[in-house]
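Each number in my numbering comes from the position in the sequence shown (counting from 1) with 62 added on. Where is the CB? At the ideal position from N, CA and C, for every residue including glycine. Keep in mind the model is a prediction, meaning the values are calculated, not measured. Working notes, structure below.
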Amino acid sequence: MKAFLMYRSCDFDLQQPLPWNEQALIQDLGLNTLFRAMARDDDFLFNIAKSAVLLSLTDIDTILYRQDILKDCLKNPDVVRNIYDITVELIQEKKKNWYYSILSHYPDSIVHGAVGLMQIFVRLLKKLRHIADEHAHKFSSEGFKQFFSMLRRELDDDYLDEIQEHLRHLQFKNGVFISAELGKGNEGTNYLLCKPDDRKQGWLKHFFANRLPSYTFTIHERDEGGFRALEELRHLGLNSVANAVAQSADHVESFFKMLRVEVGFYVGCLNLHDQLTRKREPVCFPSPAPANERKHTFIGLYDVCLSLRLQQMVVGNNLSGDNKDLVIITGANQGGKSTFLRSIGLAQLMMQCGMFVPAKSYSSNIASALITHYKREEDIAMVSGKLDEELARMSEIVDHLAPNSLLLLNESFSATNEREGSEIARQITRALMEKRIKIFFVTHLYDFSSTLAQAKMKAVLFLRAERYADGARTFKIIEGEPLATSYGVDLYNEIFVEKTNRHNETDLSSDPRVAQ
63 MKAFLMYRSC DFDLQQPLPW NEQALIQDLG LNTLFRAMAR DDDFLFNIAK SAVLLSLTDI
123 DTILYRQDIL KDCLKNPDVV RNIYDITVEL IQEKKKNWYY SILSHYPDSI VHGAVGLMQI
183 FVRLLKKLRH IADEHAHKFS SEGFKQFFSM LRRELDDDYL DEIQEHLRHL QFKNGVFISA
243 ELGKGNEGTN YLLCKPDDRK QGWLKHFFAN RLPSYTFTIH ERDEGGFRAL EELRHLGLNS
303 VANAVAQSAD HVESFFKMLR VEVGFYVGCL NLHDQLTRKR EPVCFPSPAP ANERKHTFIG
363 LYDVCLSLRL QQMVVGNNLS GDNKDLVIIT GANQGGKSTF LRSIGLAQLM MQCGMFVPAK
423 SYSSNIASAL ITHYKREEDI AMVSGKLDEE LARMSEIVDH LAPNSLLLLN ESFSATNERE
483 GSEIARQITR ALMEKRIKIF FVTHLYDFSS TLAQAKMKAV LFLRAERYAD GARTFKIIEG
543 EPLATSYGVD LYNEIFVEKT NRHNETDLSS DPRVAQ
């Protein structure tokens with residue numbers, strides 16, 4: 063049995079390696095906030111969210127396949143959570159069957175433990191079958207229709223009754239019936255566990271029934287050697303059955319484990335959706351475009367991790383960035399540029415794992431890889447200067463870049479002077495654009511950005527953090543060419559002048575001469 067709720071024809075591998083830049087993505091985009099929101103303090107769901115989000119899909123059909131399943135989950139959250147709870151119940155029940163793993167080298171113990179587990183599995187499978195019978199008509203996605211159809215087809219009443227009958231026999235309440243043959247040296251061979259004849263019949267018919275001749279013997283209660291020999295015969299007879307029952311239990315258990323992983327991803331999405339909708343934040347299902355296109359258009363996109371950390375709603379932004387290879391973002395300090403860049407990366411990852419995105423509408427082409435290059439704070443452990451460290455990271459990035467990758471640059475190459483940093487930025491961005499890399503670049507390098515603006519390149523879009531004449535920030539990112547200032551004086555006034563004025567006002571108000 064297979065769930066196939068993450069892919070059409072294969073399981074989701076929770077053990078597959080994560081991208082080489084996993085730690086950089088988590089740090090630069092603040093992904094742990096997203097993972098914690100999806101997990102709700104559940105370590106298992108945290109790991110699922112982390113793997114599913116970072117292991118981006120590049121196949122549009124699979125993205126849409128997951129989107130349809132998630133839409134079903136949003137329509138039927140209680141049913142989906144119930145399915146997940148059944149898989150968790152298995153873990154809790156298995157902990158009680160500790161003997162299965164501890165004594166698993168004895169065939170008798172293997173059979174006993176596997177039968178106990180199978181009885182739990184049958185009970186839980188019946189629960190899943192009941193959910194399929196009662197709620198299947200509410201689901202329209204290909205994934206769930208296939209899943210419920212599988213449950214009904216493979217877990218019909220006759221099949222479940224047959225399993226329970228076999229499990230009843232394997233409890234051996236009336237002893238073990240084993241046949242064997244004599245081999246070389248009159249040693250026993252071809253041991254075979256036989257099904258007991260437990261047909262009910264009257265005592266008269268049983269007394270006069272034709273029976274094959276048989277012989278019995280009784281082991282003395284103090285005959286330890288005899289009991290060991292008898293136990294060895296029992297193990298020989300049960301060995302093949304033990305293997306078969308254990309394999310069956312492992313097969314059913316693997317189904318529940320995979321179901322827990324795959325449904326767990328959608329439970330994480332439901333957890334996130336609940337938190338965002340409670341704040342009245344908009345979400346939508348994005349429209350992915352082929353990787354070789356240049357598509358990036360959205361309305362009301364916001365940084366979902368920032369929203370999860372704040373009580374109030376956060377500012378959303380709009381963009382019409384189709385047919386653009388390079389987006390340059392400039393403007394006032396603390397105007398929302400880095401937040402905007404984070405929202406781009408988060409939305410791309412969420413889209414490419416089949417989730418909804420934090421926006422009113424969103425469409426983007428698939429990225430073959432998402433890579434970030436953010437300015438790092440000074441690190442005393444660095445063996446070289448900041449610029450050398452930046453260039454070393456960029457060299458590593460170039461080694462992993464492929465055509466149609468999405469590269470997010472945040473104040474890169476700013477560790478040197480304006481002229482040198484601008485020249486480095488020009489040469490690197492030009493080379494990357496020639497290799498069909500899509501770039502979003504937040505920068506204060508005016509020489510670099512203004513030169514590109516003067517070139518009037520059709521594939522380059524210029525955005526700017528909005529600032530009012532009085533210095534107020536709206537945290538909106540609007541279309542606009544770079545200006546020769548980032549308004550650092552605003553920060554100076556905010557930090558020093560206003561603070562000084564407040565201090566002086568406090569001093570004056572406490573002066574008794576002023577009070578008179």
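Residue j beta carbon less than 8 Å from that of residue i
i, j, result
"residue 378", "residue 368", "no"
"residue 476", "residue 518", "no"
"residue 124", "residue 69", "yes"
"residue 325", "residue 146", "yes"
"residue 142", "residue 334", "no"
"residue 341", "residue 375", "yes"
"residue 323", "residue 74", "yes"
"residue 120", "residue 353", "yes"
"residue 217", "residue 182", "no"
"residue 356", "residue 500", "yes"
"residue 487", "residue 505", "yes"
"residue 392", "residue 511", "yes"
"residue 212", "residue 63", "yes"
"residue 373", "residue 99", "no"
"residue 432", "residue 71", "no"
"residue 461", "residue 480", "no"
Exposure of residue i, with buried meaning 16 or more beta-carbon neighbours within 10 Å
i, result
"residue 330", "buried"
"residue 420", "buried"
"residue 243", "exposed"
"residue 245", "exposed"
"residue 328", "buried"
"residue 489", "exposed"
"residue 435", "buried"
"residue 528", "buried"
"residue 410", "buried"
"residue 127", "buried"
"residue 164", "For residue 164, the pLDDT reaches just 43, beneath the cut-off of 50, and the residue's location in the model is therefore unreliable, leaving the point undetermined."
"residue 540", "exposed"
"residue 454", "exposed"
"residue 161", "Reliability of the predicted coordinates at residue 161 is poor, the pLDDT of 45 falling under 50, and the value obtained from them is presented with this limitation in mind. The residue in question, residue 161, is exposed, as its Cβ has fewer than 16 Cβ neighbours within 10 Å."
"residue 287", "exposed"
"residue 214", "exposed"
"residue 496", "exposed"
Residue nearest to residue i in terms of C-alpha spacing, selected from the options
i, options, result
"residue 311", "280, 184, 65, 462", "184"
"residue 404", "86, 68, 71", "86"
"residue 426", "464, 409, 512, 358", "358"
"residue 66", "153, 410, 208, 76", "208"
"residue 526", "515, 374, 538, 534", "538"
"residue 466", "494, 199, 196", "494"
"residue 92", "201, 218, 366", "366"
"residue 400", "282, 187, 502", "502"
"residue 407", "422, 429, 423", "429"
"residue 76", "247, 223, 319, 195", "319"
"residue 417", "94, 71, 129", "129"
"residue 154", "485, 186, 281", "186"
"residue 321", "370, 411, 206, 544", "206"
"residue 198", "498, 221, 462, 138", "138"
"residue 89", "102, 514, 515, 472", "472"
"residue 469", "478, 458, 479", "458"
"residue 351", "224, 424, 281, 316", "424"
"residue 210", "482, 189, 432", "189"
"residue 544", "536, 532, 523", "523"
"residue 58", "144, 177, 223", "Outside the modelled stretch of the chain, which goes from 63 to 578, sits residue 58, for which no answer is possible."
Bridge-paired residues (DSSP) for residue i
i, result
"residue 599", "The requested residue 599 is not part of the displayed model; the chain covers only 63 to 578."
"residue 427", "351"
"residue 388", "501, 522"
"residue 436", "472"
"residue 535", "529"
"residue 321", "DSSP output for residue 321 lists no bridge partner at all."
"residue 251", "243"
"residue 381", "360"
"residue 541", "525"
"residue 393", "527"
"residue 56", "Beyond the ends of the chain as shown, which are 63 and 578, falls residue 56; an answer cannot be given."
"residue 419", "346"
### Query
Three or more C-beta pairs closer than 8 Å, one from the stretch 445-455 and one from the stretch 390-406: is that the case here?
Not touching, per the Cβ criterion.
### Message
Contact between the stretch 79-98 and the stretch 129-137 is defined here as three or more beta-carbon pairs at a separation below 8 Å; is this criterion met?
### Response
The answer is no - the stretch 129-137 does not touch the stretch 79-98, with fewer than three Cβ pairs under 8 Å.
### Message
With a threshold of 8 Å, are at least 3 pairs of Cβ atoms found where one atom belongs to the stretch 98-114 and the other to the stretch 340-347?
### Response
As far as the Cβ criterion goes, the stretch 98-114 does not touch the stretch 340-347, which means the pair count is below three.
### Query
Should the stretch 514-531 be regarded as contacting the stretch 382-392, the criterion being three or more beta carbon pairs within less than 8 Å?
Result yes; three or more Cβ-Cβ pairs closer than 8 Å.
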